[in-house]
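Position 8 of the sequence shown, counted from 1, bears residue number 8 in the numbering used here, the numbering being contiguous throughout.
Accompanying notes for the structure given below.
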Amino acid sequence: MAMLNSPFEFTGRIGKISAYKRKGSDKVILRMGTGPTKEQIKAEPKFARLRENNSEFKASTLLTAGIRRAIFPVKHLGDSNFTGAITKRARKIQMMDTVGYRGERNVILSQNKTLLKGFNLNLKDPFDSILSHPLAITTNRELGTASVTIPAIIPDINLYLPPGTVFYHFIVSLGVVRDIVFTGNDLPYTEPGEVVSAASAWQHARATVEATEVEVQLSGDITDADSLVLAIGVEMGLPDRFGELEISRWSGAAKIVDVF
Numbered sequence: 001m002a003m004l005n006s007p008f009e010f011t012g013r014i015g016k017i018s019a020y021k022r023k024g025s026d027k028v029i030l031r032m033g034t035g036p037t038k039e040q041i042k043a044e045p046k047f048a049r050l051r052e053n054n055s056e057f058k059a060s061t062l063l064t065a066g067i068r069r070a071i072f073p074v075k076h077l078g079d080s081n082f083t084g085a086i087t088k089r090a091r092k093i094q095m096m097d098t099v100g101y102r103g104e105r106n107v108i109l110s111q112n113k114t115l116l117k118g119f120n121l122n123l124k125d126p127f128d129s130i131l132s133h134p135l136a137i138t139t140n141r142e143l144g145t146a147s148v149t150i151p152a153i154i155p156d157i158n159l160y161l162p163p164g165t166v167f168y169h170f171i172v173s174l175g176v177v178r179d180i181v182f183t184g185n186d187l188p189y190t191e192p193g194e195v196v197s198a199a200s201a202w203q204h205a206r207a208t209v210e211a212t213e214v215e216v217q218l219s220g221d222i223t224d225a226d227s228l229v230l231a232i233g234v235e236m237g238l239p240d241r242f243g244e245l246e247i248s249r250w251s252g253a254a255k256i257v258d259v260f
């Protein structure tokens, strides 16, 4: 392992040399690249299993990307590393395909919706730790509609906001996630699914609030290969020096409440 001690610092790759920083150190570490080239992996028979694994990993990450798009209105409220947990579930869904050949197994969320339902985007302070009361949810797949009824809010009884919170509101999103299906030996391009959202009114953190219903509706056609992902998030806000409400960064929480 080589250390770079010079006024000229960089991270990334130059030729076969990789430069990176390790957590807990401000030094730039240099490493010589090893292993097969991209051309060898693509063509040589001995890398056939690696090509299969790469192909299936690409399919599972495509589903992950579709899920991230579907929950985009609340995605910023989740932890920075929740994507890996979604990819892990996508991979489990892929392993349930007992028909496709290795390297071409599909990722069919539409037949495994329960594996995503209830997914929390936060590990340390999940949504249910902030609003400790079940939501009333109504969905209609044929119409592409969903409504979420947020219960009457009583601070410190069923609402536990982080210290320093002044205002908050809820965001509800509904998005389409399409199955990832191989065509021959390739993955076809999939158009991003529709996403809609709506939000409740901003409320003061110490106010008692009556039950609120938030409704969302898709406008496009829904196919058998589409899954509708319903998510909710709680977003915090603070008044700035001009009295305007400013979104609090790195606060809030979100979860996927239903997949239908």
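Glycine residues also receive a C-beta, built at the ideal position from the N, C-alpha and C atoms.
Bear in mind that the values here come from a model prediction, so they are computed numbers and not experimental data.
DSSP bridge partner residues for residue i (one or two, in chain order)
{"i": "residue 186", "result": "183"}
{"i": "residue 168", "result": "203, 236"}
{"i": "residue 227", "result": "177"}
{"i": "residue 140", "result": "145"}
{"i": "residue 195", "result": "175"}
{"i": "residue 99", "result": "Paired residues: none, contrary to the question."}
{"i": "residue 153", "result": "209"}
{"i": "residue 159", "result": "131, 155"}
{"i": "residue 106", "result": "None, per the DSSP bridge assignment."}
{"i": "residue 120", "result": "255"}
Cβ-Cβ separation, residue j to residue i (assumed contact under 8 Å), whole Å
{"i": "residue 179", "j": "residue 107", "result": "7 Å"}
{"i": "residue 232", "j": "residue 74", "result": "7 Å"}
{"i": "residue 256", "j": "residue 119", "result": "4 Å"}
Whether residue i touches residue j by CB criterion (9 Å)
{"i": "residue 151", "j": "residue 123", "result": "no"}
{"i": "residue 214", "j": "residue 127", "result": "no"}
{"i": "residue 187", "j": "residue 59", "result": "yes"}
{"i": "residue 236", "j": "residue 165", "result": "yes"}
{"i": "residue 174", "j": "residue 220", "result": "no"}
{"i": "residue 230", "j": "residue 86", "result": "no"}
{"i": "residue 167", "j": "residue 200", "result": "no"}
{"i": "residue 195", "j": "residue 146", "result": "no"}
{"i": "residue 56", "j": "residue 102", "result": "yes"}
{"i": "residue 198", "j": "residue 172", "result": "yes"}
{"i": "residue 121", "j": "residue 82", "result": "yes"}
{"i": "residue 162", "j": "residue 66", "result": "no"}
{"i": "residue 182", "j": "residue 244", "result": "no"}
{"i": "residue 93", "j": "residue 62", "result": "no"}
{"i": "residue 70", "j": "residue 148", "result": "no"}
{"i": "residue 203", "j": "residue 157", "result": "no"}
Span of the alpha helix (DSSP H) around residue i
{"i": "residue 217", "result": "That residue, residue 217, is in no alpha helix (DSSP H); its beta strand (DSSP E) goes 212 to 217."}
{"i": "residue 73", "result": "72 to 75"}
{"i": "residue 129", "result": "127 to 130"}
Closer than 9 Å to chain B by CB, residue i
{"i": "residue 176", "result": "Reference to chain B is not applicable here, since this structure consists of a single protein chain."}
Start and end residues, beta strand (DSSP E) containing residue i
{"i": "residue 254", "result": "253 to 259"}
{"i": "residue 247", "result": "245 to 247"}
**Q.** contact_flag[the segment 245 to 254, the segment 204 to 214] where n(CB pairs < 8 Å) is 3 or more
**A.** Verdict: no, contact absent.
Q.
Within 8 Å, do at least three Cβ pairs link the segment 223 to 231 to the segment 97 to 116?
A. Counting C-beta pairs with one atom in each stretch, the segment 97 to 116 and the segment 223 to 231 have three or more that are closer than 8 Å, which means they touch.
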